[in-house]
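This report refers to the structure that appears directly beneath it.
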Amino acid sequence: MNAAGFPLLSLITWLPLLGGLIIMYVRGDEATVASNARWAALWTSLIVFVLSLVLWVRFDPADPGFQFIEQASWLPQWGITYKLGVDGISVLFVLLSTALTPICILASWEAIKTRVREYMLAFLILETMMVGMFAAMDFVVFYMFFEGVLIPMYLIIGIWGGPRRVYAAMKFFLFTLAGSVLMLLALLAMWNFAGTTDIPTLLHTQFPASMQTWLFLAFLASFAVKVPMWPVHTWLPDAHVEAPTAGSVILAGVLLKMGAYGFLRFSVPMLPLASAHLAPLMFALSVVAVIYTSLVALAQTDMKKLIAYSSVAHMGVVTIGIFTINVQGISGAMFQMLSHGIVSGALFLCVGVVYDRIHTRDIARYGGLADRMPAYALLFMLFAMASIGLPGTSGFVGEFLVLVGAFQVNFWLALLGSLGMILGAAYMLWLYRRIIFGRITRDDLRAILDLSPREMAVFAPLVVLTLWMGIYPSSFSVFWDATVSTMVEHHQAALAATVKLATVIPQ
Amino acid sequence: MLFAVAIFAPLLGSAIAGLFGKAIGDRAAMAVTILCMLLASGCGVSAFIELESGDTTAGVISLGTWVEAGTFHVDWALRYDALSAVMVAMVTCVATLIHIYSIGYMAHDENHTIWRFFSYLSLFSFAMLMLVSADNLLQLFFGWEGVGLASYLLIGYWYYRPSAGAAAMKAFIVNRVGDLGFALGIALVFFTFGSIDFSTVFGAVGQHQDAAYHVLGHTYRAYEVIGILLFIGAMGKSAQIGLHVWLPDAMEGPTPVSALIHAATMVTAGVFLMARFSPVLDYAPGALGFVTFIGATTALFAATVGCTQTDIKRVIAYSTCSQLGYMFVAAGVGAYQASIFHLLTHAFFKALLFLTAGSVIHAMSDEQDMRKMGGIWRLIPLTYTMMWVGNLALGGIPFFSGYYSKDAIIEAAWASCSLVGHYGFWCTVIAAFLTAFYSWRLIILTFHGAPRADHHTMEHVHESPAVMTVPLLLLAVGAVFAGWAFHDQMIGPDWKAFWGDAIQIAASNHVLHDMEDVPGWVSLTPLVVGLAGIATAYVFYMFVPGIPGALAAAFPWAYRFLLNKWYFDELYAAVIIRPVQYLAQGLWQIGDVTIIDGIPNGIAALTEDGSSQVVKIQNGSIAVYAFAMLIGLVLLVSIFLLFLR
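Residue numbers (our numbering), protein chains in the order written: chain A, 399 to 905; chain B, 2 to 646.
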């Protein structure tokens, strides 16, 4: 059946929902319900995480195809099946989702005080949607999970968010939905052409060149909003600023990866001609994103907005890497995505730590925290450096591999795409200096407490991952090496075939 | 094995002091870091001696895979050859002395987190050792950025001072500008050679001679582009003109930091990179010409600025900048051995100078302005003597270490027989005069004349404790003898045996040989101008103290130009920093808020308005509805009749 011997992926996907059902039936006074909901959610997510570790152990890195495949008949008359499986590109995203969920639940332990049960329920549903999306091997299944993610996230921002939460939630929902509608059209067109929505089959279907361009643009509309690419990025800062801390962590950690994952899963391998032709467009948008949003980040006065803009810049590096379509570029993009998932998540948690104490995200309200919070200063430094891309942290590997990949395409792409190296250092250090350095001038800061044991427990796995990915990155990249190499070869073969065709026809 | 211990012992010390420093206390943290450093220097020196005596052979110690992506494969590995062994020995020794000195210097730190300071110092030492012992460009870059981080932390050690925070940030960001060039250079090396391992790259130098790279609308030889890109990285780290602005500000850090990072080790990383990459660079004459030009210009520029500064540490900082220029001149004319030789001697005498300055500052109750010193040479005789030793070595006075290495560079510049080489020669000769001048200006202003400090400070002037003076004495031994001791092996007749494969030069490069045959006046010039510089300083500041003021009054624009360091900071503020700030604000407020968000918000507003208008039609009156239906019917029928028949 599959390497695990039981329907592992379905279990990982649906178990959180089961935990959610249990939480729904918790009764009692408010405090009991809240406490039970917290513990139930934490245990559910931890069990799911442990189950997902089976993927880490049993995944065969030498096999470039899908593994742990499970299949059930769903709508046979339409060629649609319930089919799950992971390959080198998706397996670590499943793990990223299952690893970040317990961290988020732990981070919300004290910060969320109202409607705790519903909050935890939303997070568990979110986990189901995320895992299902990354594990889907059928386009329709993918699409349902892809859209399903919106609902719990919309609620998390809209109910537990800050003062402008309704505006932010609506903006988030409408931006992403507007793009997705076009993807639905593309899905229908593909189904119409190929007669199936099975992803492995679609990967080997050759779509006509003109159709590829239209499909590519439709995908672009959906994925670009999710990434987000310039100029459809403005929903992100608002969503981040209003979302509760854990919401921001998942948003930056996993949701932003969905767009880039879509490019890697659909656009690049299924539409090789369009990807090659439209790569310059993607490069242009990405380079603008890197420079533009880095500069905008420099001007921010709100901590969360600054980190949100830095996310857009980092994702710009990812999209550059993906469309270089060489092994270093794509591998770098993969690494940058995972690293960004961990580091930006950690940075949002860092903001959450001081926000929980002082209840403001205004940078000017802080200063001199090194004095009272040395452990916090150390952690913040580590994650800031990882965000800047210091060698030895996870941030460096992806950024550098993308640089190497981009260099093989064009010198200017490499140079401009790497300007984030300088600008990133500027905005992160400027942020760090205003918050951590200086003298304490305010009374509430003078009494501020350093990290609690619970917060340490939240950060510990992120610290380990940041350093581990920086010092021994090959233990992660080995998962996707074979898949990415195959993808690049497949792409080159597809391009070569067209060139041959073009030279044959006129004769 | 010894070699690996030498490199990782400081990391251990740093980790213990950094993570448990608060728990174990300052004294234990100091003890741990210093023990680790002593172990490292013992191992480092033994590894060097073993290699040079032929007991062990050069090789690579592999530690495991680092980054892997397709054909891009990078290992963690330590390269053990003459170049890395000499650097490891020097770095561990100087760093150990500076650790010990810091016990005394930091004893009265108001911050009460001395463990943090020692942890940073050891972290820095580790990163520097990784840099010099790297076996591939990416690991070198790891050390390169690691020293950048450590220097950021150390410059910002007194984080509550706004100036320290600003200086730390400036140092990191300016370095990052250079690092971008470096990173692109690494990518191009991979693009050209298909690997970034030193052994693979250097072994394939012959095969890619004609490789071309197309950039900026022209096609260049790939080696030239590699050389330029790597040198841009070196310019940042080694504070060459244009990217030097961070170094003087970095004096905000405690003085031992300045000695360790901004004199002996980190800033010389760029020079080291040039020497390490000599097998490729030697085939890139255009890039080398650029290196010489920038180095020579920096040597002269920094020396002119050094003549007008009043902060004792800033004078020495500009002096460092200038001496780094000398090293790049040497590398640029192909005398990589001479550049490393000067790097070595400079490490000793410049660390000595900085630490002596620290001893002065310590004695003067943390005063750094030379205008408020004077008349203290009898009170701190040992410090005074050490300052003399350091300056004699820096000034290139015979038989002190600087004499051997600096003269070699000036001769090599002449012997290169190229136009840019001669530019380098004249710049370095003038800089030699200015070097001697500002060095003795520093001595006279600091120690001689009438005391200009207040009564209270003068009462407290005292010689530093032994924990500070003993490192000074040991560094002084190096400053006196290092040149004499290593001259023959490093740049003399035995250089091939000494360096082995660590420095490979092209067959056409015989500058080391040619510099033995330069005309007599070329060899004599540095000494003559040096003595002239000393004499001028005595005339200006001791015998006729009115001259400097009169000169400044006669040429006010020139004086202000030098005092303001050629207006580099002002230029950058006007041309880069402020425009970027405006641009950032503009992109945010106009680009994002007004334009990009304006469109969806506008559509939303339009929809809302529109629907509130439409609502008005539904007023509940049957007559209005019936009328609307009638109009609709007429319209539909007309359309049907007109178009669809």
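Glycine included, C-beta positions come from ideal geometry on N, C-alpha and C. Treat the numbers as computed from the prediction; the structure is a model and nothing was measured.
- Task: Provide the residue(s) that pair with K481/A in DSSP beta bridges, ordered along the chain.
- Result: The residue given as residue 481/A occupies position 83 in the first sequence. Partner(s): Q469/A.
- Return helix, strand or coil for E69/B, following the three-state DSSP convention. Reading the second sequence from its first residue, position 68 is the one you call residue 69/B. Strand, per DSSP.
- Query: Leaving out the 5 sequence neighbours to the left and right, which residues in its chain are closer than 8 Å to L217/B when beta-carbon positions are compared?
  - Reply: On the second sequence, position 216 is the one that residue 217/B refers to. Sequence-distant Cβ neighbours of L217/B in its own chain, meaning closer than 8 Å and more than five residues away, do not exist here.
- chain B contacts from the region 802-823 of chain A (Cβ-Cβ distance under 7 Å): Result list: V802, F805, Q806, F809, A812, L813, S816, M819, I820 and A823.
- Three-state class that DSSP yields for I62/B in the structure shown: To locate residue 62/B, count along the second sequence from 1; it is residue 61. Correct three-state label for I62/B: strand.
- Task: For W77/B, name the three-state secondary structure that DSSP assigns.
- Result: Sequence index remark: in the second sequence, residue 77/B carries index 76 (1-based). In the three-state reduction of the DSSP assignment, W77/B falls in the strand class.
- Just the chain A side, please: which residues come within less than 8 Å of F173/B by C-beta, in chain order? Here residue 173/B is taken as the residue at index 172 of the second sequence, counted from 1. Those within 8 Å of F173/B in chain A are A823 and L827.
- Nearest-angstrom Cα separation, counted from K617/B out to G633/B: Locating residue 633/B in the second sequence gives position 632, where the first residue counts as 1. Locating residue 617/B in the second sequence gives position 616, where the first residue counts as 1. Approximately 18 Å between the Cα atoms of the pair.
- Item | H602/A, buried or exposed, once every other Cβ within 10 Å from all chains shown has been counted against 16 | For the purposes of this step, residue 602/A is taken as the residue at position 204 of the first sequence. Around the CB of H602/A, fewer than 16 other CB atoms lie within 10 Å, so the residue is classed as exposed.
- Message: Which residues does DSSP list as the beta-bridge partners of Y214/B?
- Response: As a position in the second sequence, residue 214/B is number 213, starting the count at 1. Per DSSP, Y221/B.
- Item | Closer than 7 Å: F457/A CB and nearest the ligand GTP heavy atom | What this structure holds is no ligand at all, so the ligand GTP is not there to describe.
- Query: Would T66/B count as contacting chain A if we go by Cβ distances under 8 Å?
  - Reply: By one-based count along the second sequence, residue 66/B stands at place 65. Contact with chain A is found for T66/B, since one of that chain's Cβ atoms lies less than 8 Å from the residue's Cβ.
- What does DSSP give as the partner residues of P789/A in its beta bridges? Residue numbering aside, residue 789/A sits at position 391 when the first sequence is read from its first letter. Looking at the DSSP output, P789/A bridges to T791/A.
- Query: What did DSSP end up calling N434/A once you bin it into helix, strand or coil?
  - Reply: Position 36 of the first sequence holds residue 434/A. In the structure shown, N434/A sits in a helix (DSSP, three-state: H, G or I).
- Message: Cutting at 7 Å between CB atoms, please list the residues of its own chain near L493/A, excluding the five before and the five after it.
- Response: Sequence index remark: in the first sequence, residue 493/A carries index 95 (1-based). Only residues of its own chain outside the window of five on either side were considered, and among them S450, L453 and W454 have a CB closer than 7 Å to the CB of L493/A, listed in chain order.
- Message: Tell me which residues share the same chain as Y707/A and place their Cβ nearer than 7 Å to its Cβ, disregarding the 5 neighbours each side in the sequence.
- Response: Position 309 of the first sequence holds residue 707/A. Result list for Y707/A: P635, T691, V694, A695 and Q698, in chain order.
- N620/B, DSSP secondary structure in three states: Position 619 of the second sequence, counting from 1, holds the residue named residue 620/B. When DSSP states are grouped into helix, strand and coil, N620/B belongs to the coil group.
- Item | F778/A and C748/A closer than 8 Å at C-beta | One-based indexing of the first sequence puts residue 778/A at position 380. One-based indexing of the first sequence puts residue 748/A at position 350. Result yes, Cβ atoms of F778/A and C748/A sit closer than 8 Å.
- Item | Contact with chain B by T632/A, beta-carbon distance below 8 Å | For the purposes of this step, residue 632/A is taken as residue 234 along the first sequence, with counting starting at 1. Yes, its Cβ sits closer than 8 Å to a Cβ of chain B.
- Item | Short-range partners of chain B found in the region 652-684 of chain A, where Cβ spacing is below 9 Å | Taking 9 Å as the Cβ-Cβ cut-off against chain B, none of the residues of the region 652-684 of chain A qualify.
- Item | Touching by the beta-carbon criterion (3+ pairs, under 8 Å), the region 477-490 of chain B and the region 291-310 of chain B | Contact between the region 477-490 of chain B and the region 291-310 of chain B is absent, because fewer than three Cβ pairs lie under 8 Å.
- Item | Nearest to H514/B (by Cα), restricted to the options V334/B, A135/B, T537/B and G501/B | Along the second sequence, read from residue 1 onward, the residue named residue 514/B stands at position 513. For H514/B, the nearest C-alpha among the options comes from V334/B.
- Task: Mind reading off the beta-carbon distance from W247/B to V316/B? Whole number of angstroms is fine, and I expect it under 8 Å.
- Result: By one-based count along the second sequence, residue 247/B stands at place 246. By one-based count along the second sequence, residue 316/B stands at place 315. Contact doesn't hold; Cβ gap of about 17 Å is too wide.
- Message: Can you give me the C-alpha to C-alpha distance between T386/B and P789/A, rounded to a whole angstrom?
- Response: As a position in the second sequence, residue 386/B is number 385, starting the count at 1. As a position in the first sequence, residue 789/A is number 391, starting the count at 1. Going by the C-alpha atoms only, they are around 43 Å apart.
- Any C-beta of chain B sitting closer than 8 Å to the C-beta of V795/A? Against the first sequence, residue 795/A aligns to sequence position 397. V795/A counts as touching chain B.
- Task: Ignore the nearest five residues each way along the sequence and tell me which others in G765/A's own chain have a CB closer than 6 Å to its CB.
- Result: Taking the first residue of the first sequence as position 1, residue 765/A is located at position 367. Correct list, in chain order: G836.
- Message: Could you check whether L274/B and G662/B sit closer than 8 Å to each other, using their CB atoms as the reference points?
- Response: Missing from the structure shown is residue 662/B; chain B here goes from 2 to 646 and no further.
- Residue from F570/A, S673/A and R844/A with nearest C-alpha to D598/B: Working through the second sequence from its first residue, we reach residue 598/B at position 597. With distances taken between Cα atoms, D598/B lies closest to F570/A.
- Task: Could you work out which residue in F457/A, Q806/A and T791/A is closest to G403/A when comparing CA atoms only?
- Result: Residue mapping note: residue 403/A aligns to position 5 of the first sequence, counting from 1. Among F457/A, Q806/A and T791/A, the Cα nearest to that of G403/A is on F457/A.
- May I ask you to list, following chain order, the residues of the region 715-729 of chain A that have a beta carbon less than 8 Å from some beta carbon of chain B? Residues passing the 8 Å Cβ filter: N724, V725, Q726 and S729.
- Are the beta-carbon atoms belonging to P598/A and M535/A less than 8 Å from one another? For the purposes of this step, residue 598/A is taken as the residue at position 200 of the first sequence. For the purposes of this step, residue 535/A is taken as the residue at position 137 of the first sequence. In this structure, M535/A lies closer than 8 Å to P598/A by Cβ.
- Item | Short Cβ contact (8 Å threshold) for I50/B with S134/B | Numbered from 1 along the second sequence, position 49 holds the residue referred to as residue 50/B. Numbered from 1 along the second sequence, position 133 holds the residue referred to as residue 134/B. Here I50/B is not near S134/B, since their CB atoms are 8 Å or more apart.
- Query: Can you list, in chain order, the stretches of the alpha helix (DSSP H) that have 4 or more residues and sit fully within the region 451-512 of chain B?
  - Reply: Within the region 451-512 of chain B, the complete alpha helix (DSSP H) segments of 4 residues or longer fall at 456-460, 467-491 and 496-500, listed in chain order.
- Pull up the DSSP beta-bridge partners for A534/A, would you. Numbered from its first residue, the first sequence carries residue 534/A at position 136. As DSSP reads the structure, A534/A sits in a beta bridge with L482/A.
- Message: Which of the three DSSP states is assigned to A364/B in this structure?
- Response: Within the second sequence, residue 364/B is the residue found at index 363, counting from 1. For A364/B, the three-state secondary structure derived from DSSP is helix.
- Item | Residue closest to L189/B, alpha-carbon to alpha-carbon, out of V802/A, D879/A, A880/A and A584/A | The sequence position of residue 189/B within the second sequence is 188, counting from 1. The candidate whose alpha carbon is nearest that of L189/B is V802/A.
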